[in-house]
Each structure stands twice: as structure tokens, then as C-alpha cells.
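*Asks:* The structure is given below, and queries will be raised subsequently.
Number of protein chains: 2
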Amino acid sequence: MKQADLSSYLVHPNPDNGALTSQVTGRDHTGADVDVDVVTERGLTVYLNKQEIVTLMTLGDHPQYLAVGFLLNQNMLQADDVITGIDYDEELEVAIVRTQRETDYEDKMKKKVRTSGCAQGTVFGDIMEKFDTIDLSQDATLKTSWLYQLARQINTTPSIYQKAGAIHGCVLCHKAQPLVYMEDVGRHNAIDKIAGYMHMHKIQPHDKCFYTTGRLTSEMVIKTVQMQIPILISRSGFTAWGVDLAQKAGLTLIGRAKGRKFLVLAGFERVHYDVDVDQIADEPKHAGRKNGD
Amino acid sequence: MKQADLSSYLVHPNPDNGALTSQVTGRDHTGADVDVDVVTERGLTVYLNKQEIVTLMTLGDHPQYLAVGFLLNQNMLQADDVITGIDYDEELEVAIVRTQRETDYEDKMKKKVRTSGCAQGTVFGDIMEKFDTIDLSQDATLKTSWLYQLARQINTTPSIYQKAGAIHGCVLCHKAQPLVYMEDVGRHNAIDKIAGYMHMHKIQPHDKCFYTTGRLTSEMVIKTVQMQIPILISRSGFTAWGVDLAQKAGLTLIGRAKGRKFLVLAGFERVHYDVDVDQIADEPKHAGRKNGD
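Right, here's the structure in full:
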């Protein structure tokens, strides 16, 4: 398969970074020893100023973006907060985000105790508070020609997934161009890294779309809406609650996007059918990507 | 494809249970309206005696097993605890597990605040305490002929996955027979339901194996070891930490088990190669199962 043009990316995966995978020796179905690449997981303990917030298990790249994005998506950092510094200690696996504003989330963290355990990742008690107040951009559109181009570009971009499997990918896109492609063991971390990147580089969400390899669960929808991105696309399936939340928030939700096929589940009005689907090839049997999650 | 013989199952999925899926109307790549089945998610708030422990997002079947299994796998219930009753209120989405022993996990739940956010699900601070003390059965074996029979049986068992996608499956097996097949939106819930079932029906773990559709992450390995099941098999990939923990615990870990292929990553001594692999068919292109997660 032809490799993607990487020039449109601001960030793309780096499968050559040896710290992100390691080799183990397994034994295959014939009894022969084989060396395989596997994804690494390491801890990242996130502090907000003086307070220890959480320990995330992560692939380990972009710890600063992950720390900032996690705090943003948990409503512990506000869009207008001034970040005065981020200290990352690789050996201690600690990232400390410092802000001008004094912060104290002792109460918020107590609340988490009673409501976490959501299907994936960590959800604090009041994460829905912000959700209900967000108006997604009505001007955003998605041409189906962009959708097909995005899928082709992303699926042919070299990734840790192609090298070692067992990892999720999320991509921030603008029209037909993928911009920021992050991977992680947990898909919520991949999203949080993008949120951190967007915050620190002042990238506006209103005309962007999100492409993910994972399932469209409630958590994916909530995070996308929180980030004010109006369109969410996945190769994978979706849950009833994910669809329901997308409808309530006016998010354009597209699942099972593979080859020429896709399924719009909410926010139909943003999708412009500008392609003759008979001109689009179906996905080859051995495409780079399997269903995520 | 021939449908599996369901007679060996103690529990198997029930795709005809209308409460577990719902229908939504989407619009496909040609612009046509289509009705699709989607998996439901609902809350289940688990109490242990007087204490509210967690709210899980779950498919919604087997709430009693899920509640008991969750508490067991969090070390809040002990193997010898006498359960005096389980109250489940469907409308309130609450399950209360009552024990003879008085319980108080206020301190434990505080600990969680600082360490949760693991790649999947909820991990309490001291979950590794028990992990280090477990000796897995050395007598357990896995014949490769069983592995192939299990995969064939499980992949042809009617499931919510086949109906609606976006769901994980875990199966407790004995030799070549699948016994308890649970599905859930989060794979940790599927495992916890099996743990609850095993506890309440006094099923011994030492000669069993676990088959899962999801990735072999650290969390999957930790839960399997905690449950004292000596063998874990998955269709999907694995992470470095998952392999590392399996090696430390002496767990037999097998990944990428599809068609005739599989890869043993730890606990090699339990695997007995009793099949001529040339006699095993490769998986058909359109098998019932994709890679999970």
C-alpha cells in the first residue's frame, strides 16, 4: 500500500522511537521461538501545582500534552488558565503542571470515588456539568470526499499500531487533512494528548473533526463535545448511550467507517454527500487497520 | 458457519434479550436510512453493606454477579466471606451486597483517588498486594487441540457482539469446553461477572482457562492471576507490561490466537502441542469475530 504523505501532519506517530516498544520472545503455533514487538506501558503521575491528581498508565510519549489534556478534560484546568510551567521528570514518571491561578481539587477528587469505574478511564463526578452548556459549531461541515481521503491518509501513516498492535489512535483533522495523530494504550490518553496539544498551540476546535480507531462509547462522545469538536468519526462500532449523548449535544457521529462504507448516527446536517460511492474502492482484505476496541 | 453446541455452557450470551440492545436509525454511505442494533449501557451502583463503593457502566445483565465479582477483584470481598444477601433494584440501578463480616473500606477508597486512571477500569491502590502472594497451579495444562476447539466453539456461539458489535467477551473454560461466557461494554465487567459467578457457584479456578476477545493488558493479567486461573488466551494483541506481569506470576499467556495461529508469551511449560497444525484450517476471511480492543 502506498505510504501516506506526512507533510500535512503537525504530529504523527514515531514507530522508530525505541522507547515506545520492546521485544519479547514468544513461541508460535508450530512451537518455534519468535521475537515480537510489544507496546510499552509506563506510569505518569500528574500533579496540578501542589496536588497529586492521578497516576495514568500510558505509552509514555508526549507526557506534557497528556498531563495538560487530562486536567483540561477533567475540568481542572480552564481554557483561560495561564500555565506558568510544566516539569516532567522521566525517571520519577511525574509531570507537574503549574498555573497562575491557585487550584484545589480536594473536594472534586472525593467525588470521583463514588462515580468512577466508567467503561474506560476515569470520569469525575461533575464531568457532565460542562457537557450540558456547550454549543457545537453549526457552520462545520464534513464532505464525504474528505472522509474518504482522511481514512486513506491515516490508515497508511506509519504507526506504533502497525509495528506492535494493541494500541489506540486518535487524529485531529481539518477538512481532508490529518493534523495531530496520537496513539496510546488507552484511547482516553490519546485524546487527552490531543487536547493538551490544542491548548498549548492555541488550535481552535470549531472547524475540526476527530478520527479515532476505537469504539464510540459515551466517554469518547463526552470528551469530543467537551473539546468543542463538532464531528467524530470511527472505524468501529458504537453504543446506544454514545449515540444518545451525541444526539443531545448536536455532535455529528459517524461509525463503522471502512472502505466505502460509513454510518452517520447523529448530526446528519453537517454531512455533505459530494462523492459517487461507486467510485470509491472497498477496503482491501488486509488493510493496515483492524477494528479498534 | 455451523453454530456452536451450546449444551456445554453454564451461561452463554442471550442476544434475544431485548433489554441489552436497542435500535437507532442512521444514514449510510449512500445516504439511505438504515436501522441498526446497538448495545445499551446503564449504570450499576454497587454497595457493600452500608457503603457505596462505585458506579459501573455496564451492559446490564447479571448485575448480582457483576457486583460480587467487582468486590472480589478489588479485594473488598474475601474468598471465605459469607454473603447473606444481594438486593438488586432494577429501577434504581443499585446492587447491595450484604456480608456476615462487617466491612469498612473508607480508607481503601481514599487510596484509589491517587492511583486510578489505569488504562482500563478502576484499580485500587493495593490491588498488587494480593498479586504477589498467589501461586498458580503447576498441574494445569493446555493442549493445543483444546485451544483450537475452544476458539471454534466460542466464535460460533450467538452473541450480542454478533448482533450489535462494540462489546467485549470473556469465557471461562475447562479443557476443550467453554463454560461461562459473559459479555459487557467494558471487558473488566465481563471478567468481574465471571468472578461473581465462580464465587457464588463455588467453581474452582485451578484447572480452568480464560478466553477473551480483548487485549492482554496489565489489568487483564492482574485480574486473571487474582482469580487464580493459570491460563489466559486472547485473539488480540498484548502489551509489554502484560507480558512482564504474566512472566512474574507464572501465568500462561497466549495472544493473537486466530485460525491456526497463536503466540505463547509466558508460562510455556503448560502448553502441550498435540495437533499437526497443517490439519487446522486458517480462519475464514469473514469470521464472526474481529480483533477486540
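The listed protein sequences correspond, in order, to chains R and Y.
Read in order, the letters of the first sequence correspond to residues 1 to 293 in this note's numbering.
Read in order, the letters of the second sequence correspond to residues 294 to 586 in this note's numbering.
No residue lacks a Cβ here, since even glycine has one placed at the ideal position from N, Cα and C.
A quick note: this is a predicted structure, and the numbers were derived from the prediction, not measured.
Identify the residues that DSSP records as bridge partners of S234 (chain R): which are they?
*Replies:* The residue you call residue 234 (chain R) lines up with position 234 of the first sequence. BP columns for S234 (chain R) point to R:T212.
*Asks:* On the three-state DSSP scale, how would you describe T408 (chain Y)?
*Replies:* Residue 408 (chain Y) sits at position 115 when you count from the first residue of the second sequence. Confidence at T408 (chain Y) is low in this model, with a pLDDT of 36, below 50, so the placement of that residue is unreliable and no value is reported for it.
*Asks:* Should E476 (chain Y) be labelled buried (16 or more other beta-carbon atoms within 10 Å of its own) or exposed?
*Replies:* Indexing the second sequence from 1 puts residue 476 (chain Y) at position 183. Buried, because 16 or more other Cβ atoms sit within 10 Å of the Cβ of E476 (chain Y).
*Asks:* Does the CB of A166 (chain R) have a neighbour CB from chain Y at under 7 Å?
*Replies:* For the purposes of this step, residue 166 (chain R) is identified with residue 166 of the first sequence, where counting begins at 1. Cβ-Cβ to chain Y under 7 Å: yes for A166 (chain R).
*Asks:* For A195 (chain R), which residues from the same chain have a beta carbon less than 6 Å from its beta carbon, with the 5 sequence-adjacent residues on both sides left out?
*Replies:* As a working mapping, residue 195 (chain R) is identified with position 195 in the first sequence. So the qualifying residues of the chain are G69, L72, N73 and M227.
*Asks:* Could you pull the start and end residues of the alpha helix (DSSP H) that S438 (chain Y) belongs to?
*Replies:* Mapped onto the second sequence, residue 438 (chain Y) falls at position 145. Start and end: T437 to N448.
*Asks:* Which value, in whole angstroms, describes the spacing of the CA atoms of A388 (chain Y) and L253 (chain R)?
*Replies:* Taking the second sequence and counting its residues from 1, one reaches residue 388 (chain Y) at position 95. Taking the first sequence and counting its residues from 1, one reaches residue 253 (chain R) at position 253. Approximately 33 Å, taken between the alpha carbons.
*Asks:* What residue from Y:I379, Y:D397 and Y:T510 has the CA that sits closest to R391 (chain Y)'s CA?
*Replies:* The sequence position of residue 391 (chain Y) within the second sequence is 98, counting from 1. When only C-alpha atoms are compared, the closest one is Y:I379.
*Asks:* Leaving out five residues before and five after T396 (chain Y) in sequence, what residues of the same chain have Cβ atoms less than 6 Å from its Cβ?
*Replies:* By one-based count along the second sequence, residue 396 (chain Y) stands at place 103. Here the set comprises L341 and N342.
*Asks:* Please tell me whether A119 (chain R) has its Cβ less than 7 Å away from any Cβ of chain Y.
*Replies:* Locating residue 119 (chain R) in the first sequence gives position 119, counting from the first residue. Here A119 (chain R) scores only 32 on pLDDT, less than 50, and its place in the model should not be relied on; the value that follows carries that caveat. For A119 (chain R), the answer is yes, since a Cβ of chain Y falls inside 7 Å of its Cβ.
*Asks:* Step through the CB atoms of chain Y and report whether any lies within less than 7 Å of the CB of E41 (chain R).
*Replies:* Here residue 41 (chain R) corresponds to residue number 41 of the first sequence, with the count starting at 1. Interface residue, yes.
*Asks:* Could you give the distance in angstroms between the alpha-carbon of V38 (chain R) and the alpha-carbon of E93 (chain R)?
*Replies:* As a position in the first sequence, residue 38 (chain R) is number 38, starting the count at 1. As a position in the first sequence, residue 93 (chain R) is number 93, starting the count at 1. Going from the Cα of V38 (chain R) to the Cα of E93 (chain R) covers about 20 Å.
*Asks:* Is the Cβ-Cβ distance between R553 (chain Y) and V570 (chain Y) less than 7 Å?
*Replies:* Reading the second sequence from its first residue, position 260 is the one you call residue 553 (chain Y). Reading the second sequence from its first residue, position 277 is the one you call residue 570 (chain Y). Against a cut-off of 7 Å, the Cβ pair of V570 (chain Y) and R553 (chain Y) comes out as a contact.
*Asks:* So, does the CB of T141 (chain R) fall closer than 7 Å to a CB anywhere in chain Y?
*Replies:* Along the first sequence, one-based indexing puts residue 141 (chain R) at 141. Taking Cβ atoms only, chain Y never reaches closer than 7 Å to T141 (chain R), which makes this a no.
*Asks:* Between which two residues does the beta strand (DSSP E) carrying H461 (chain Y) extend?
*Replies:* Residue mapping note: residue 461 (chain Y) aligns to position 168 of the second sequence, counting from 1. Element bounds for H461 (chain Y): H461 to H467.
*Asks:* Residues of chain R with a CB under 7 Å from the CB of L365 (chain Y): which are they?
*Replies:* What you label residue 365 (chain Y) is simply residue 72 of the second sequence in a count that begins at 1. By Cβ distance, chain R contributes nothing, its closest Cβ being about 15 Å from L365 (chain Y), past 7 Å.
*Asks:* Determine the closest residue to N155 (chain R) out of R:R42, R:K202 and R:K258, with distance taken between C-alpha atoms.
*Replies:* For this step, residue 155 (chain R) is matched to residue 155 along the first sequence. That would be R:K258, whose Cα lies nearest to the Cα of N155 (chain R).
*Asks:* With a cut-off of 8 Å on the beta carbons, I'd call S430 (chain Y) and D500 (chain Y) a contact; round off their distance for me.
*Replies:* Stepping through the second sequence from its first residue, residue 430 (chain Y) is reached at position 137. Stepping through the second sequence from its first residue, residue 500 (chain Y) is reached at position 207. So it is a contact: roughly 7 Å between Cβ atoms.
*Asks:* Put M491 (chain Y) into one of helix, strand or coil per three-state DSSP.
*Replies:* Taking the second sequence and counting its residues from 1, one reaches residue 491 (chain Y) at position 198. Residue state, collapsed to three classes: helix.
*Asks:* Specify, as a first and last residue, the run of the alpha helix (DSSP H) that D567 (chain Y) falls within.
*Replies:* Within the second sequence, residue 567 (chain Y) is the residue found at index 274, counting from 1. From DSSP, D567 (chain Y) is part of no alpha helix (DSSP H); its letter is neither H nor E.
*Asks:* What's the C-alpha gap between T45 (chain R) and H461 (chain Y)?
*Replies:* For this step, residue 45 (chain R) is matched to residue 45 along the first sequence. For this step, residue 461 (chain Y) is matched to residue 168 along the second sequence. Roughly 29 Å separates the two Cα atoms.
*Asks:* The ligand FMN and S511 (chain Y): does any heavy atom of the ligand fall closer than 6 Å to the residue's C-beta?
*Replies:* Of the ligands one can find in the structure shown there are none, so the ligand FMN has no counterpart to examine.
*Asks:* To the nearest angstrom, how far is the alpha carbon of Y211 (chain R) from that of L172 (chain R)?
*Replies:* Looking up residue 211 (chain R) in the first sequence gives position 211. Looking up residue 172 (chain R) in the first sequence gives position 172. Roughly 6 Å separates the two Cα atoms.
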